[in-house]
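Below: one structure, written as structure tokens.
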Amino acid sequence: MQTFDLFSDPTSGQPEPMGPRAFLLRGFALPRVDELLPAISRVTDAAPLRHMVTPGGFTMSVALTNCGTLGWTTDRHGYRYSRTDPATGLPWPAMPEVLAALAREAADVAGFPRFEPDACLINRYLPGARMSLHQDKNERDLDAPIVSVSLGMPAVFLFGGHRRSDKAARLELHHGDIAVWGGPDRLRYHGILPLADVPHPVLGSQRINFTFRKAG
DNA sequence: AAGTTACG
DNA sequence: ACGA
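In this text, residue positions in the first sequence follow this note's numbering: the first is 9, and each later residue adds one.
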């Protein structure tokens with residue numbers, strides 16, 4: 009497992025002057041994949057992946073669902089976190105312990121101890137799906153980091169600045185990688201370029217992403 | 001606009 | 001650029 013500090017300042021001789029920021033943990037999830045895939049299936053059986061609509065009236069190319077006490081949703085009226093699945097009115101499925109443990113450990117390694125996520129957004133990308141540049145800013149607690157796990161096909165992650173127009177760095181995310189960002193990087197714009205169809209040996213022509221947050 | 005299209 |  010390798011870790012990369014995404015935004016350290018090479019001109020500064022001081023170690024970690026800003027505290028924890030943004031890291032890529034390469035291959036971190038690989039030892040758990042055999043437990044993660046059945047856990048995902050249990051969630052998607054109870055709360056199926058679906059394409060939500062943005063406030064502008066466009067249907068997202070990414071299909072999503074949630075687990076945990078809060079789930080991220082969007083419709084014509086805006087973005088929000090909800091305790092229930094708007095498709096069924098039922099609470100979102102509980103967050104499987106294997107997922108919560110993975111998120112806590114990744115956050116800890118990246119320098120964000122005692123991360124206790126209450127929301128896990130599950131995104132499924134098929135070839136051509138994308139996520140345009142956005143900020144994660146609907147969470148009540150912006151002190152907690154974002155933990156983002158990649159499984160399946162690789163994708164190009166865009167990691168930008170605090171304005172949408174800022175030039176974004178491009179980073180290829182692979183099966184098993186975990187990106188963690190918080191502190192002064194918590195509100196950076198980020199996104200995913202349209203996926204190429206490069207089938208993964210286990211997951212086939214899809215990419216699954218979990219994003220853990222403390223939303224409430 | 002967590003998105004799309006048009007234009008140089 | 002548009003317009004959310």
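In this text, a Cβ means the ideal position worked out from N, Cα and C, and glycines have one as well. Model, not experiment: these values are computed from the prediction.
Between residue i and residue j, what straight-line distance do the alpha-carbon atoms span, to the nearest angstrom?
{"i": "P101", "j": "L78", "result": "10 Å"}
{"i": "P104", "j": "G168", "result": "31 Å"}
{"i": "L211", "j": "R88", "result": "30 Å"}
{"i": "A177", "j": "A137", "result": "19 Å"}
{"i": "A204", "j": "V155", "result": "24 Å"}
{"i": "N74", "j": "V51", "result": "8 Å"}
{"i": "L195", "j": "L141", "result": "11 Å"}
{"i": "A47", "j": "K145", "result": "27 Å"}
{"i": "T81", "j": "G224", "result": "14 Å"}
By the DSSP assignment, the alpha helix (DSSP H) with residue i in it spans what residues?
{"i": "T81", "result": "Premise fails: T81 lies in the beta strand (DSSP E), G79 to D83, not in any alpha helix (DSSP H)."}
From what residue to what residue does the beta strand (DSSP E) around residue i run?
{"i": "T73", "result": "A71 to G76"}
{"i": "S90", "result": "G86 to S90"}
{"i": "N217", "result": "R215 to R221"}
{"i": "R34", "result": "A30 to R34"}
{"i": "H198", "result": "H198 to I200"}
{"i": "V61", "result": "First-last for V61: undefined, no H or E at that position."}
Would you identify the three-state DSSP class for residue i, choosing helix, strand or coil?
{"i": "P125", "result": "coil"}
{"i": "G191", "result": "helix"}
{"i": "A102", "result": "coil"}
{"i": "S49", "result": "helix"}
{"i": "A177", "result": "strand"}
{"i": "R138", "result": "coil"}
{"i": "P39", "result": "helix"}
{"i": "V155", "result": "strand"}
{"i": "A54", "result": "helix"}
{"i": "L166", "result": "strand"}
Going by C-alpha to C-alpha distance, which of the options sits closest to residue i?
{"i": "A111", "options": "A37, I216, R91 and D83", "result": "A37"}
Could you check if residue i is buried or exposed, using at least 16 other CB atoms within 10 Å of its CB as the buried criterion?
{"i": "R215", "result": "buried"}
{"i": "G21", "result": "Residue confidence for G21 is low, a pLDDT of 45 falling below 50, so the modelled location carries little weight; the figure read from the coordinates is stated next. So G21 counts as exposed."}
{"i": "K175", "result": "exposed"}
Is there at least one non-hydrogen atom of the ligand ATP closer than 7 Å to the beta-carbon of residue i?
{"i": "V210", "result": "The ligand ATP is not part of this structure, which contains no ligands at all."}
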